[in-house]
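Asker:
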Amino acid sequence: MPIPALPDPNPKGSPVPDQMAAVRASKFAKVSGERLLPVAPNNPFLLRHHEGNWRWSTTLEEPTLLPEVTKMVLEPGVNGVRTTNENERDQPQKAYEQAVWRAEKDGWVYLTPAQPLPAHCVPPGAPTDSYLCEIDCKHPLTTLKGVYHLEVWCQPADTIAGEAQKFTFHRESYERWLLWLVESGQVAPPKPIIGQRMIERAKGHIRRPIRGLDPEVKAERIAALKARLDLIERAASNLPKQRAANRGASASLLDQAVSAIAAALETGEHDDSLIALLRAERAGKDRAGAVKAIENRIGSFMGGAG
Amino acid sequence: MATASVSAPFGHAQVYGAGLGFDYIFAAQEMEIELQDMLDVHGMGVIALRGDLAGTGTDTIRVEDYGNIGWSLPMTAMANETDTVTPSPIDLGYESVTVGQFGLSHKETYKGQVLGRQSAVKLDRLKTMVPQSWLATFRARVTLAGSGITTAVGSASTTLSVDDWFDLSTAYKTNLGNRRPGTMLDPQQFDELARSFRTEPAFTNSASELAGIMGLMTGDGGRIAQTHPNFAGMGLDISLTDDVVQSGGAYQGFAFPSGGIGWAVANTSPITPANPVNAIYLPNMGLFIEELTDGSGQTIRGYRATAFFGVALGSTRVNTLRRVISTT
Chain A
1 MPIPALPDPN PKGSPVPDQM AAVRASKFAK VSGERLLPVA PNNPFLLRHH EGNWRWSTTL
61 EEPTLLPEVT KMVLEPGVNG VRTTNENERD QPQKAYEQAV WRAEKDGWVY LTPAQPLPAH
121 CVPPGAPTDS YLCEIDCKHP LTTLKGVYHL EVWCQPADTI AGEAQKFTFH RESYERWLLW
181 LVESGQVAPP KPIIGQRMIE RAKGHIRRPI RGLDPEVKAE RIAALKARLD LIERAASNLP
241 KQRAANRGAS ASLLDQAVSA IAAALETGEH DDSLIALLRA ERAGKDRAGA VKAIENRIGS
301 FMGGAG
Chain B
1001 MATASVSAPF GHAQVYGAGL GFDYIFAAQE MEIELQDMLD VHGMGVIALR GDLAGTGTDT
1061 IRVEDYGNIG WSLPMTAMAN ETDTVTPSPI DLGYESVTVG QFGLSHKETY KGQVLGRQSA
1121 VKLDRLKTMV PQSWLATFRA RVTLAGSGIT TAVGSASTTL SVDDWFDLST AYKTNLGNRR
1181 PGTMLDPQQF DELARSFRTE PAFTNSASEL AGIMGLMTGD GGRIAQTHPN FAGMGLDISL
1241 TDDVVQSGGA YQGFAFPSGG IGWAVANTSP ITPANPVNAI YLPNMGLFIE ELTDGSGQTI
1301 RGYRATAFFG VALGSTRVNT LRRVISTT
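Quick mapping for you: the protein sequence lines, in order, are chains A and B. Numbers 1 to 306, taken from my numbering, label the letters of the first sequence in order. Numbers 1001 to 1328, taken from my numbering, label the letters of the second sequence in order.
Rendered as structure tokens:
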């Protein structure tokens, strides 16, 4: 049967207005603009390094030793971080400054989140303002909204609805950042003993007798361990160094009087090497005024964290 | 109510369509709870209580340690009968534990109380589960503390293996004086470790040994065990939790002797709440649960739980602590 044609809603000359012109989209069809990561909110963190902790690179073109950097999560009730008092509400850093001070006495080196990162040290498209990033989130069960803090190299992955949110870690840019920490003077280069210990440990894994193992499996395991040993040996013979340009910048500023240093810091021109300056001053003249000026400059960036 | 004429045959669809049927009913069994990480670190007794800060005027307690004395200080052999014995120094140190404040609350309306049919989500029932929330918070503090240990075994670039486990064992064999150590690992780390053990000859040639390594163990309440005492007979206890910190693309598991991580509490018995009716004190947890009165006059009832406690690493002069790291 032929399908009849629909009547023309607005035939020529008809006095009846176009009914379709009055149609509008239903408010129920509007999609909410809210896109929140389905994870529980968490606290911010600082990254820090201890001189005894190093790792070997796996993605860099030239194998080398890289500083192992770990989080210190700024959660009250753990490792010296406390809940601030009411009169400290505008000074969130009061919660953790004592904990940081004690850890520094134990040899930890803290990396300020105010330090911008070079573009080649972050994943493509990621911000370069800081290693500490945040994303709006909503707990998938309690619907509690908040902020999820994560490292800039840690990226939310596509996840199927109903599954726990997963993350990927961009190792290539992370290892470039770790190398940059040494080259820029923020972290001291490793002592040769670090590489020697890694080599000895890897050799010990190879020496461990594995009797009774199938010869093919044994050969495969030994080959994998030897490949790792080779990588570690090459890394240990190619230790990262601070670049001369960065050493020069630190030296010229710190040669000046304390008042001149404080004035130079206020210009912001040395914000990308504050940690290196602090270490150089403490290792050199160790003037209380100079140390205080540098720490205050660092602290001016950390006031909003926590 | 209007009636509906139901024509023959009288089927389920007609009776349902007349408004006399249900879309669903509820099962008679108890409400099921979602999958949860139920590791009770506090109950294991390996985290040492350092002290109670209530009434002390501070939120920080120092745990003192001393050394270069006793077993560490042998006597000096005298070359001559009149030689002077030089007085020896002693080493003094301390570690600190700082308490934090934690909170949790729920609310329900009077209408919800009147009409609600499921007792599991009523306020009084939810209050009974606050100690479990406390234990989860405590466990998270322990894993955060463990992630701050300086020295590590394993590598951020490789999965956890038998060789790493042997290195951990060596650390405790060569640092004498520690109590029996336990470890806390992410379940992914544990699975990698078990698979690595699986390829060892001792476990590939024995079905029962293989089952002991790779088999699922059941624990409390028939749930899959989260604790594995003396795993693979190596003398190290393993506890599994999702709370293990991830940093730099690596899991930050850790090992510590019993008492190597400590905690402090501020018992809540000094609290005098605005509404003392139905207040619950658990001073040994530093936990206090109070009923809230809603000042706006709304028909709402609520409770608020407040806790004061903190966790921190013990001294490395007294305990051998190790992070157990592996790639994510």
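In this text, a Cβ means the ideal position worked out from N, Cα and C, and glycines have one as well.
Ordered along the chain, which non-local residues of its own chain (more than five positions away) have a Cβ less than 7 angstroms from that of Leu1240/B?
Answerer: Closer than 7 angstroms at the Cβ level, and outside the excluded window around Leu1240/B, lie Leu1039, Leu1185, Pro1187, Phe1190 and Gln1226.
Asker: Does the stretch 48 to 59 of chain A come close enough to the stretch 78 to 89 of chain A to have 3 or more Cβ pairs within less than 8 angstroms?
Answerer: No, the stretch 48 to 59 of chain A does not touch the stretch 78 to 89 of chain A.
Asker: In three-state DSSP terms, what is Asn1205/B?
Answerer: It is coil, neither helix nor strand.
Asker: Can you give the Cα-Cα distance for Ala1274/B and Leu1123/B, rounded to whole angstroms?
Answerer: Roughly 19 angstroms separates the two Cα atoms.
Asker: Three-state secondary structure (DSSP) at Asn1284/B?
Answerer: The answer is helix: DSSP assigns Asn1284/B an H, G or I state.
Asker: Any contact between the stretch 1084 to 1103 of chain B and the stretch 1048 to 1060 of chain B? By contact I mean 3 or more CB pairs, one from each, below 8 angstroms.
Answerer: With a cut-off of 8 angstroms, the stretch 1048 to 1060 of chain B and the stretch 1084 to 1103 of chain B count as touching, because enough Cβ pairs lie within range.
Asker: Tell me the rounded alpha-carbon separation between Val81/A and Ser1206/B.
Answerer: Those two C-alpha atoms are separated by around 49 angstroms.
Asker: With a cut-off of 8 angstroms, do at least 3 Cβ pairs link the stretch 1315 to 1326 of chain B to the stretch 1256 to 1269 of chain B?
Answerer: Contact between the stretch 1315 to 1326 of chain B and the stretch 1256 to 1269 of chain B is present, because at least three Cβ pairs lie under 8 angstroms.
Asker: Here's a check: name, in chain order, each residue in its chain whose Cβ is nearer than 7 angstroms to the Cβ of Pro76/A, leaving out the five neighbours to either side.
Answerer: If we look at Pro76/A and ignore the five residues flanking it on each side, its Cβ neighbours are Arg82, Thr83 and Ala95.
Asker: I'd like the span of the beta strand (DSSP E) that includes Arg1301/B, first residue to last.
Answerer: Residues Ile1300 to Leu1313.
Asker: Run through the stretch 199 to 259 of chain A for me and flag every whole alpha helix (DSSP H) of 4 or more residues, listed as ranges in chain order.
Answerer: As far as the stretch 199 to 259 of chain A is concerned, its whole alpha helix (DSSP H) runs of at least 4 residues are 215 to 236 and 244 to 254.
Asker: Return the chain-ordered list of same chain residues with a C-beta closer than 7 angstroms to the C-beta of Val73/A, the five sequence neighbours on each side being excluded.
Answerer: Closer than 7 angstroms at Cβ, skipping near neighbours: Asn43 and Phe45.
Asker: Secondary structure at Glu269/A, three-state DSSP: helix, strand or coil?
Answerer: If DSSP states are grouped into helix, strand and coil, Glu269/A belongs with coil.
Asker: Would you grab the beta carbon distance between Pro113/A and Leu132/A for me? Rounded to a whole angstrom, and I think it's under 8 angstroms.
Answerer: Rounded, the Cβ-Cβ distance is 4 angstroms, consistent with contact.
Asker: Chain B beta carbons: is any one of them nearer than 7 angstroms to that of Thr83/A?
Answerer: Yes, Thr83/A lies at the interface with chain B (some Cβ there is under 7 angstroms from its Cβ).
Asker: Taking its Cβ as the centre, do 16 or more other Cβ atoms sit within 10 Å of Pro67/A, making it buried, or is it exposed?
Answerer: The residue in question, Pro67/A, is buried, as its Cβ has 16 or more Cβ neighbours within 10 Å.
Asker: Counting only C-beta atoms, is Leu1144/B closer than 7 angstroms to chain A at any point?
Answerer: Output row for Leu1144/B: interface = yes.
Asker: Does the beta carbon of Pro113/A come closer than 7 angstroms to any beta carbon on chain B?
Answerer: No, Pro113/A does not count as interfacial toward chain B.
Asker: Considering only DSSP beta bridges, list what Ile1093/B is partnered with.
Answerer: A small fix is needed here, since residue 1093/B is Gly in this sequence, not Ile. Asp1065/B, per the DSSP bridge assignment.
Asker: Compare the C-beta of Ile298/A against all C-beta atoms of chain B and say whether one is closer than 7 angstroms.
Answerer: Closer than 7 angstroms: no.
Asker: Indicate whether Ala1156/B and Gly1253/B have their beta-carbon atoms separated by less than 7 angstroms.
Answerer: Going by C-beta atoms, Ala1156/B is not nearer than 7 angstroms to Gly1253/B.
Asker: Fully enclosed by the stretch 1207 to 1288 of chain B, which alpha helix (DSSP H) runs are 4 residues long or longer?
Answerer: For the stretch 1207 to 1288 of chain B, whole alpha helix (DSSP H) runs of length 4 or above, ordered along the chain, are 1207 to 1214.
Asker: Just the chain B side, please: which residues come within less than 7 angstroms of Pro76/A by C-beta, in chain order?
Answerer: The contacting residues are Gly1100 and Gln1101.
Asker: Does chain A have any CB closer than 7 angstroms to the CB of Gly1302/B?
Answerer: It does not; no Cβ of chain A falls within 7 angstroms.
Asker: Per DSSP, what are the beta-bridge partners of Pro1181/B in this structure?
Answerer: Note: Pro1181/B sits in a beta bridge opposite Pro1257/B.
Asker: Name the two residues that bound the continuous alpha helix (DSSP H) containing Gly1070/B.
Answerer: Gly1070/B -> no alpha helix (DSSP H), and no H or E assigned at all.
Asker: What did DSSP end up calling Ala161/A once you bin it into helix, strand or coil?
Answerer: If DSSP states are grouped into helix, strand and coil, Ala161/A belongs with coil.
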